[in-house]
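Basically the working numbering = 1-based index in the sequence shown + 14.
Worksheet: one structure, shown below.
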Amino acid sequence: MDISHVKSELIQLRKEIRRHNKKYYELDAPEITDYEYDKLMARLKTLEAEYPEFVTPTSPTQTVGGSARREAGKLVAHDVPMLSLQDVFNLDDVENFINDTIEKLGSVEFVVEEKIDGLSLALRYVDGKFFQAVTRGDGLNHGEDVTENARVIDDVVKQLVDKPKYFEIRGEVYMTHADFTATNARQEKLGLKTFANPRNCAAGTLRQLDSRIVRERRLSMFVFNLQKIDGAEIQSHTEAYDFMSRNGIKIIHDYAVCKNFDEVRRAIEEIGRRRDALDYDIDGAVVKVNSFAQRAQLGATSKFPRWAIAYKYPPTERETVLRDIELSVGRTGRITPTAVFDAVNLNGTKVERATLHNQDFINALGVNIGDTIKVYKSGEIIPRVSGVVISKRSEISAPYKIPDTCPVCNHKLEREEDAADFRCVNPNCPAQLENHLLNFVGRSAMDIKGLGETSIPKLIAEGLVRTVADVYKLRDRRDELIAKKIFGLVKATDKILTAIDESKKNSPARLLTGLGIFGVGSAAARGLINHFGGLDELSRATLDELQQVNDIGEVTARHVKNFFDDADNLKILDELRSAGLTFTADKKIFDTGSPIAGKIFVLTGTLANYKRDEASALIEERGGIVKPSVGKKTDYVVAGEAAGSKLAKAQTLGIKILSEADFEELLTT
15 MDISHVKSEL IQLRKEIRRH NKKYYELDAP EITDYEYDKL MARLKTLEAE
65 YPEFVTPTSP TQTVGGSARR EAGKLVAHDV PMLSLQDVFN LDDVENFIND
115 TIEKLGSVEF VVEEKIDGLS LALRYVDGKF FQAVTRGDGL NHGEDVTENA
165 RVIDDVVKQL VDKPKYFEIR GEVYMTHADF TATNARQEKL GLKTFANPRN
215 CAAGTLRQLD SRIVRERRLS MFVFNLQKID GAEIQSHTEA YDFMSRNGIK
265 IIHDYAVCKN FDEVRRAIEE IGRRRDALDY DIDGAVVKVN SFAQRAQLGA
315 TSKFPRWAIA YKYPPTERET VLRDIELSVG RTGRITPTAV FDAVNLNGTK
365 VERATLHNQD FINALGVNIG DTIKVYKSGE IIPRVSGVVI SKRSEISAPY
415 KIPDTCPVCN HKLEREEDAA DFRCVNPNCP AQLENHLLNF VGRSAMDIKG
465 LGETSIPKLI AEGLVRTVAD VYKLRDRRDE LIAKKIFGLV KATDKILTAI
515 DESKKNSPAR LLTGLGIFGV GSAAARGLIN HFGGLDELSR ATLDELQQVN
565 DIGEVTARHV KNFFDDADNL KILDELRSAG LTFTADKKIF DTGSPIAGKI
615 FVLTGTLANY KRDEASALIE ERGGIVKPSV GKKTDYVVAG EAAGSKLAKA
665 QTLGIKILSE ADFEELLTT
């Protein structure tokens with residue numbers, strides 16, 4: 015992309031995002047959906063990652079959503095250490111703790127309560143007004159300031175009824191099962207990585223730079239301890255809970271006050287019985303001394319308070335019967351087997367399915383359809399299969415093997431050497447169509463402006479595109495596109511159709527990139543086209559000939575060969591040729607005598623006379639290799655204006671740095 019266009023788009027994106035931030039945070043009158051906002055922010059982050067020299071301190075990616083926000087992640091000193099608890103895993107250890115404590119102190123009250131599986135957070139109030147939230151951090155000295163994110167958590171009380179001079183409490187930030195499920199569903203919709211469990215999601219969310227995301231994901235919080243108070247006398251944990259409840263603070267509920275081990279044991283067992291019905295994860299029960307004076311007597315080690323322990327429950331596990339193993343095809347062609355079994359209840363959730371990951375995992379478990387299996391959830395919302403009850407296995411049971419053809423398109427599956435996953439490498443597989451089309455129209459491939467994540471799903475849903483070649487048949491369906499408002503009205507539709515027509519002039523390297531051959535990105539595509547001169551010559555290449563190209567190994571060569579040996583792919587290529595796309599490069603240069611031949615280049619910064627793609631092409635035409643990052647094998651770094659971290663790394667490694675003038679001189683040598 016032309017640098018002036020990059021700068022222009024960055025300015026426009028930042029302006030638009032700031033306007034939406036103001037509407038959302040300050041005026042409470044958003045104009046667009048969160049999904050649309052995320053797309054704007056994602057585009058800005060992508061551009062800034064590609065052109066770090068243009069990142070500004072005031073960019074929305076560098077600031078928190080609204081105005082006057084504190085910097086997320088700023089370290090704050092702890093007023094009171096936020097120590098962790100010593101874990102115990104059997105009731106004998108609990109009994110020892112109880113008896114030892116009674117022996118030291120005499121008469122003691124213990125409080126037994128749920129141990130929420132979340133992220134510790136300290137809330138600070140001055141004169142009854144909330145003013146700061148600090149994470150546990152290192153536990154002893156410093157935590158992270160996440161005040162602005164805490165403000166959008168509904169459970170964080172902003173103003174107390176009572177107004178002690180200083181009041182600090184500690185709690186656990188968590189996600190309910192329902193909110194976690196909703197967050198992961200939204201991540202999938204956006205094509206982003208899902209979270210493994212509610213705790214990880216809560217922790218990552220609380221550290222977000224944008225409190226908008228925190229609000230959207232709906233974090234929750236229970237308070238479990240009084241850290242410090244000035245201006246009021248509180249003698250015990252239960253008194254502190256009474257004070258907090260009076261001030262609207264959500265405390266750990268259903269706690270029990272006990273005086274001996276038998277009472278503590280019954281309280282632990284009661285929490286264990288009800289944990290399946292909870293809408294949040296707990297990973298144990300906490301046993302703590304009630305009296306603050308007695309806590310002070312017992313003190314703490316450098317890691318744990320001596321006045322409390324955490325009893326950890328064994329994972330909830332249920333037996334059930336495996337009825338089937340279903341196969342799904344991901345957007346990248348990865349085959350995922352899923353166990354389908356008789357419904358069981360785990361942590362309050364009805365569970366009927368669990369991932370089996372891949373064939374190696376199935377083999378390691380030794381699981382067969384019809385087996386009685388063990389299913390559990392241990393701190394994760396996603397159920398797992400832990401094993402097979404061999405004693406209940408049927409005599410006619412047989413080992414399960416993933417078929418060698420795709421369950422969607424029936425194309426032969428491939429498994430990479432030394433890898434666990436099977437993949438469908440058919441780019442025309444319906445399960446991968448949306449992802450394949452997005453790659454085809456993307457910036458590094460055909461770069462068709464206006465075609466993207468909003469319009470492509472509509473085109474697929476309406477049956478207007480089934481392969482990449484159908485993109486070039488859309489002009490024939492202009493009236494239908496306008497009638498269905500796929501791109502908008504007349505002006506918007508004609509603009510995109512013109513962009514599609516213009517893309518026919520793109521180089522064959524861009525077309526090759528867009529074909530979605532596994533392992534062939536833009537750099538590999540340029541190398542292949544420069545070597546063979548065009549798609550026709552490439553299609554006739556043998557495996558040995560393909561491996562003569564720089565950075566094309568046996569695996570990638572096999573994928574390329576298989577692609578051009580496939581009749582369906584050849585049919586699509588014929589349609590693309592008939593549509594007028596470019597199959598042959600303008601020139602094919604094999605200048606093995608050039609000083610550039612075989613040398614590895616990295617480009618950084620802005621060149622005055624060349625776009626980055628133009629400079630890359632000039633290098634590759636002379637037999638050079640362009641890499642995206644600096645490594646020990648890099649020969650030259652071409653440094654333009656505002657060169658960034660790549661230049662610094664090159665200097666550290668002692669790699670030769672070329673100015674633009676040096677680069678031009680090398681080209682003419």
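Built from N, CA and C at the ideal position, the CB exists for glycine as well.
If you're wondering where the values come from, they're calculated on a predicted model, not measured in any experiment.
- Nearest neighbour of S134 by Cα position, chosen from A217, T190, D224 and D114, turns out to be A217.
- In this structure, the alpha-carbon of A322 lies about 13 Å from that of M96.
- Within its own chain, the residues whose Cβ lies closer than 8 Å to the Cβ of D176, once the five positions on either side in sequence are excluded, are G142, A246, F257, R260 and N261, listed in chain order.
- V504 sits in a helix when the DSSP states are folded into three classes.
- F577 sits in a helix when the DSSP states are folded into three classes.
- Exclusion of the five residues before and after F181 leaves Y139 and I243 as the residues of its chain whose Cβ lies within less than 6 Å of its Cβ.
- Excluding the 5 residues flanking it on each side, P319 has same chain C-beta neighbours closer than 6 Å at L97, in chain order.
- Among the bridge pairs identified by DSSP, E340 is matched with T352.
- C-alpha of D293 to C-alpha of I130: approximately 11 Å in a straight line.
- Spatial neighbours of I496 in its own chain (CB-CB distance under 8 Å, excluding positions within 5 residues in sequence) are listed in chain order as L503, V504 and T507.
- In the same chain as N372, and ignoring 5 residues on each side of it, the C-beta atoms closer than 6 Å to its own belong to A434 and D435, in chain order.
- The beta carbon of I566 lies closer than 6 Å to those of L560 in the same chain, with the five residues before and after it left out.
- Secondary structure note for T419: it is in no beta strand (DSSP E), with a DSSP letter that is neither H nor E.
- Two segments are said to touch when three or more pairs of C-beta atoms, one from each, lie closer than 8 Å; by this definition the segment 650-669 does not touch the segment 585-593.
- Going by C-alpha positions, G132 is about 22 Å away from T252.
- Residue range F124 to I130 is occupied by the beta strand (DSSP E) that includes E128.
- Annotated three-state conformation of I639 is strand, per DSSP.
- For Y624, DSSP assigns no beta-bridge partner whatsoever.
- Taken in chain order, the complete beta strand (DSSP E) segments of 3 or more residues contained in the segment 215-246 are 234-244.
- I510 and L465 do touch by the CB rule: their CB atoms are close to 6 Å apart, below 8 Å.
- In the DSSP annotation of this structure, the continuous segment of the alpha helix (DSSP H) that includes D374 starts and ends at Q373 to L379.
- A distance below 8 Å separates the beta carbons of V303 and R309.
- In the structure shown, T386 adopts extended strand secondary structure according to DSSP, grouped into three states.
- With distances taken between CA atoms, L667 lies nearest to G645 out of G654, G645 and S659.
- Cβ atoms of A539 and T527 come within 8 Å of each other, at about 4 Å.
- About 34 Å separates the CB atoms of V403 and G347; that is not less than 8 Å, and the two are not in contact.
- In this model, L473 and L154 are separated by some 56 Å (Cα to Cα).
- Bridge pairing for E655: T620 [DSSP].
- Spatial neighbours of I285 in its own chain (CB-CB distance under 6 Å, excluding positions within 5 residues in sequence) are listed in chain order as E128 and A299.
- Annotation: E117 to I339 spans about 57 Å, alpha carbon to alpha carbon.
- Minimum Cα-Cα distance from T60 among the listed residues R184, V381 and R457 corresponds to R457.
- Annotation for L240: I183, I248 and A254 place their beta carbon closer than 7 Å to its own, counting only its chain and skipping 5 residues before and after.
- Annotation: A675 to G654 spans about 10 Å, alpha carbon to alpha carbon.
- Proximity to V485 across K499, K498, D493 and I470 peaks at I470, based on C-alpha coordinates.
- For S316, no alpha helix (DSSP H) segment is defined, and its DSSP state is neither H nor E.
- Contact between N198 and T208 holds, since their C-beta atoms are separated by about 4 Å, short of 8 Å.
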